[in-house]
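Under the working numbering, think of the first position of the sequence shown as 1032, with each following residue one higher. Here the structure is laid out as structure tokens; the discussion comes afterwards.
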Amino acid sequence: MSQNFDVIIIGGGIMGCATAFQLAGRGLKVALLEKKSIGDGPTGKSSAIIRQHYSNELTARMAYHSLHVFQNFDEMVGGECGFNRCGFLLVAAGADKAGLTANVAMQQGVGIETALVSTDDIHELAPGLKIEHDLAAAYEPQSGYADPYLTVTSYAQAARRLGAKIYQGTQVTAVHMAQGKVQGVETNNGRFSAPIVLNCTGAWGAQVAQLAGVELPIDPCRVQVSLFRRPAGHEAAHPVVADFENAIYFRPETGGLTLVGLIDPQEAHAIVDPDHFSENVSDAFVLDSGERLVNRYPAMAQSQSVGGYASLYAITPDWHPIVDECPPGSGFYVCSGFSGHGFKLGPAVGRMMADLVLGVEQPLFAADMFRNGRFAANEPVRGQYEYSIVG
Ligand SMILES: Cc1cc2nc3c(=O)[nH]c(=O)nc-3n(C[C@H](O)[C@H](O)[C@H](O)COP(=O)(O)OP(=O)(O)OC[C@H]3O[C@@H](n4cnc5c(N)ncnc54)[C@H](O)[C@@H]3O)c2cc1C
1032 MSQNFDVIII
1042 GGGIMGCATA
1052 FQLAGRGLKV
1062 ALLEKKSIGD
1072 GPTGKSSAII
1082 RQHYSNELTA
1092 RMAYHSLHVF
1102 QNFDEMVGGE
1112 CGFNRCGFLL
1122 VAAGADKAGL
1132 TANVAMQQGV
1142 GIETALVSTD
1152 DIHELAPGLK
1162 IEHDLAAAYE
1172 PQSGYADPYL
1182 TVTSYAQAAR
1192 RLGAKIYQGT
1202 QVTAVHMAQG
1212 KVQGVETNNG
1222 RFSAPIVLNC
1232 TGAWGAQVAQ
1242 LAGVELPIDP
1252 CRVQVSLFRR
1262 PAGHEAAHPV
1272 VADFENAIYF
1282 RPETGGLTLV
1292 GLIDPQEAHA
1302 IVDPDHFSEN
1312 VSDAFVLDSG
1322 ERLVNRYPAM
1332 AQSQSVGGYA
1342 SLYAITPDWH
1352 PIVDECPPGS
1362 GFYVCSGFSG
1372 HGFKLGPAVG
1382 RMMADLVLGV
1392 EQPLFAADMF
1402 RNGRFAANEP
1412 VRGQYEYSIV
1422 G
């Protein structure tokens, strides 16, 4: 026996749950199907940094909107997201000053509170950091990080309160199509029918799209994070730092820890089977990330390593997502491939997806820039001024 819905959402990460919340809030009968449990995938392992620094206006606007939701989460969604406003500092090479200045001006135009900062300013904002030479830097006082697991489970609960049905332990194994239109899906828990199916499966995005006969350029890539206990005298939290010179980001973590990850385009080559990969951090990564951290934050030479973990980025060729109906008119939508920077955009993406599915004429965030056809047309998303993979 099939269960009938207006919309089926596959995937219980931030994108699926934020979209379920939006669509249920607009009165649709929504089923969200998650093969494991809500937030069990990469969303729950996200570093969950919420910065607004982007090199194109659409993503900057999306980050700005989403920050407002994280700041007012209980009122706008309901429940907790664990937002911690510790500030965000971006440090790039002096050669990137012109690009950074242009990006900051664009972001200010969007309404984002951000400014270029000097070496003296950085010494005040984060006294432990070593800044020896001229560089390009910007600071966002309103940014920080959230608790990703709390955020996604709060979204799921809020969607449930609005009437969405959430099925955990429910893996989609087939997508039913007839005359080019989606009819529903097959799962280990039976059949679900709907004229609209959304593929919000992140690193599994290409795999799930294949069930509908759609090819997507999304690679599941293994990425690692390490954790260090700050030494005596450095217990106080520091801002989130994106350090493009050392190709790392780091942020405070509960318990006097500092969490470190890479900002490295090479991570796109670490393609793995998303269901079978090592979730442990390697010794080599701890050593390498620790050395890069010490380059910027010398006192961390006295820190204690407390391990780390690995999870997945869903990487596309231009490090931007695919948000599109594939093929047009089929009712099968894709919202996957956020390439390591999707968490902070989740609230805006939920809105974007709901507007796309409902055919809203003047959406708050148009999805055209993220159409799947851009790759074949050789029209990747590019910022006007880019440094590394800032997005
Ligand atoms: C270590 C790490 C650090 C990060 N740091 C940041 C950061 O600081 N800031 C930021 O903005 N972003 C960050 N990101 C990226 C961000 O976390 C992701 O872009 C975002 O969480 C992706 O969410 P999603 O909903 O698209 O996918 P996911 O969280 O991957 O959710 C997809 C879900 O689909 C389910 N699924 C798969 N196949 C099926 C199926 N057949 N049937 C049913 N369910 C299925 C999976 O089990 C999974 O739960 C980071 C990511 C990682 C891994």
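Cβ coordinates follow ideal geometry from the N, Cα and C atoms, glycine included. Computed from a predicted structure; not experimentally measured.
Checklist entry - Taking all protein chains shown into account, do 16 or more other C-beta atoms lie within 10 angstroms of the C-beta of P1359, making it buried, or fewer, making it exposed? => result Under a 10 Å Cβ-count criterion, P1359 is classified as exposed, with fewer than 16 other Cβ atoms of the shown protein chains found around its own Cβ.
Next on the checklist: I'd like to know if the region 1094-1104 and the region 1120-1133 are in contact, where contact means that at least 3 CB-CB pairs between them fall below 8 Å.
Outcome noted: Judged by Cβ distances under 8 Å, the region 1094-1104 makes no contact with the region 1120-1133, as fewer than three pairs qualify.
Checklist entry - Which residue comes first and which comes last in the beta strand (DSSP E) that contains S1257? => result Per DSSP, S1257 belongs to the beta strand (DSSP E) from D1250 to R1260.
Checklist entry - So, helix, strand or coil for L1387, using DSSP? => result The answer is helix: DSSP assigns L1387 an H, G or I state.
Item to check | Cβ separation of V1365 and L1242, assumed to be a contact under 8 Å, to the nearest whole Å | outcome: Between V1365 and L1242 a beta carbon distance of about 12 Å is seen, past the 8 Å cut, so the two are scored as non-contacting.
Checklist entry - With respect to 8 Å, is the separation between the Cβ of K1212 and the closest non-hydrogen atom of ligand 1 below this value? => result No, Cβ of K1212 sits at least 8 Å from all heavy atoms of ligand 1.
Checklist entry - Buried or exposed: which applies to L1318, given that a residue is buried once 16 or more other Cβ atoms fall within 10 Å of its Cβ? => result Exposed.
Checklist entry - Between C1112 and ligand 1, is the CB less than 8 Å from at least one heavy atom? => result Result no, Cβ not under 8 Å from ligand 1.
Item to check | Own chain residues within Cβ distance below 6 Å of N1349, not counting five before or after | outcome: It is worth fixing the name first, because residue 1349 is Asp in this sequence and not Asn. So the qualifying residues of the chain are P1411 and V1412.
Next on the checklist: Please list the terminal residues of the continuous beta strand (DSSP E) segment that includes K1212.
Outcome noted: Boundaries of the beta strand (DSSP E) harbouring K1212: K1212 to T1218, taken from the DSSP string.
Item to check | Closest Cα partner of D1355 within the set T1285, E1106 and A1240 | outcome: Per the C-alpha coordinates, the member of T1285, E1106 and A1240 positioned closest to D1355 is A1240.
Checklist entry - Taking the alpha helix (DSSP H) that G1130 falls in, what are its first and last residues? => result Residues K1128 to V1141.
Checklist entry - Can you list, in chain order, the stretches of the beta strand (DSSP E) that have 3 or more residues and sit fully within the region 1304-1380? => result Whole beta strand (DSSP E) segments, 3+ residues: 1335-1346, 1353-1356 and 1363-1367.
Next on the checklist: Here's the rule I'm using: 16 or more other beta-carbon atoms within 10 Å means buried, otherwise exposed. How should L1229 be labelled?
Outcome noted: Buried: at least 16 other Cβ atoms inside 10 Å.
Item to check | C1377 and I1080 closer than 9 Å at C-beta | outcome: The residue you asked about is not Cys; residue 1377 is Gly in the sequence shown. In terms of Cβ geometry, G1377 and I1080 do not form a close pair [threshold 9 Å].
Item to check | Candidates D1304, L1064 and G1292: closest to K1196 by CA position | outcome: Of the residues D1304, L1064 and G1292, the one whose Cα lies closest to the Cα of K1196 is L1064.
Checklist entry - Would you say the beta carbon of C1424 comes nearer than 8 Å to a heavy atom of ligand 1? => result What the structure shows of the chain is the stretch from 1032 to 1422, and residue 1424 is not part of that stretch, so it cannot be assessed.
Checklist entry - Does the region 1195-1212 come close enough to the region 1134-1149 to have 3 or more Cβ pairs within less than 8 Å? => result Judged by Cβ distances under 8 Å, the region 1195-1212 makes no contact with the region 1134-1149, as fewer than three pairs qualify.
Next on the checklist: Just to confirm my understanding: we take T1150, look at its own chain, exclude 5 residues before and 5 after, and list those with CB closer than 6 Å. What are they?
Outcome noted: Around T1150, the same chain offers I1162 as residues with beta carbons nearer than 6 Å, after the five sequence neighbours per side are excluded.
Item to check | Buried/exposed call for D1105, threshold 16 Cβ in 10 Å | outcome: Exposed, by the Cβ-count rule.
Next on the checklist: My output table needs one value for D1165: the three-state DSSP class, helix, strand or coil.
Outcome noted: D1165: coil per DSSP, three-state reduction.
Checklist entry - At which residues does the beta strand (DSSP E) containing A1209 begin and terminate? => result According to the DSSP assignment, A1209 belongs to the beta strand (DSSP E) that extends over V1203 to A1209.
Checklist entry - Measuring from the CB of L1078, is there a heavy atom of ligand 1 at a distance below 8 Å? => result Inspection of the sequence shows that residue 1078 is occupied by Ser rather than by Leu. Between ligand 1 and the CB of S1078, the shortest heavy atom gap is smaller than 8 Å.
Item to check | Cβ neighbour criterion (16 or more within 10 Å) applied to R1327 | outcome: That one is buried.
Next on the checklist: Just list the residues that DSSP pairs K1067 with in beta bridges.
Outcome noted: For K1067, which the question treats as bridged, DSSP gives no partner whatsoever.
Next on the checklist: Closer than 8 Å is the cut-off here; do at least three beta carbon pairs connect the region 1320-1336 with the region 1262-1272?
Outcome noted: Proximity of the region 1320-1336 to the region 1262-1272 meets the contact definition, three or more beta-carbon pairs being nearer than 8 Å.
Item to check | Host alpha helix (DSSP H) of A1273 (start-end) | outcome: Where A1273 is concerned, there is no enclosing alpha helix (DSSP H), although the beta strand (DSSP E) it sits in stretches over V1271 to D1274.
Item to check | Rounded straight-line distance, which links the Cα of Q1083 to that of L1160 | outcome: About 22 Å.
Item to check | Spatial distance of A1423 from F1363 (CA atoms) | outcome: It is not possible to answer for residue 1423, since the shown part of the chain is limited to 1032 through 1422.
Item to check | Buried or exposed by the 16-neighbour rule on C-beta atoms within 10 Å, applied to G1368 | outcome: It counts as buried.
Checklist entry - What does DSSP give as the partner residues of N1035 in its beta bridges? => result Secondary-structure assignment with DSSP links N1035 through a beta bridge to S1224.
Checklist entry - With DSSP run on the structure shown, which of helix, strand or coil describes V1239? => result Three-state DSSP puts V1239 in a helix.
Checklist entry - Using DSSP with H/G/I as helix, E/B as strand and the rest coil, what is I1045? => result Correct three-state label for I1045: helix.
Item to check | For K1196, the first and last residue of its enclosing beta strand (DSSP E) | outcome: Judged by DSSP secondary structure, K1196 falls within the beta strand (DSSP E) whose first and last residues are K1196 to Q1199.
Checklist entry - Could you give the distance in angstroms between the alpha-carbon of G1390 and the alpha-carbon of M1331? => result Using only the alpha carbons, I get a separation of about 51 Å.
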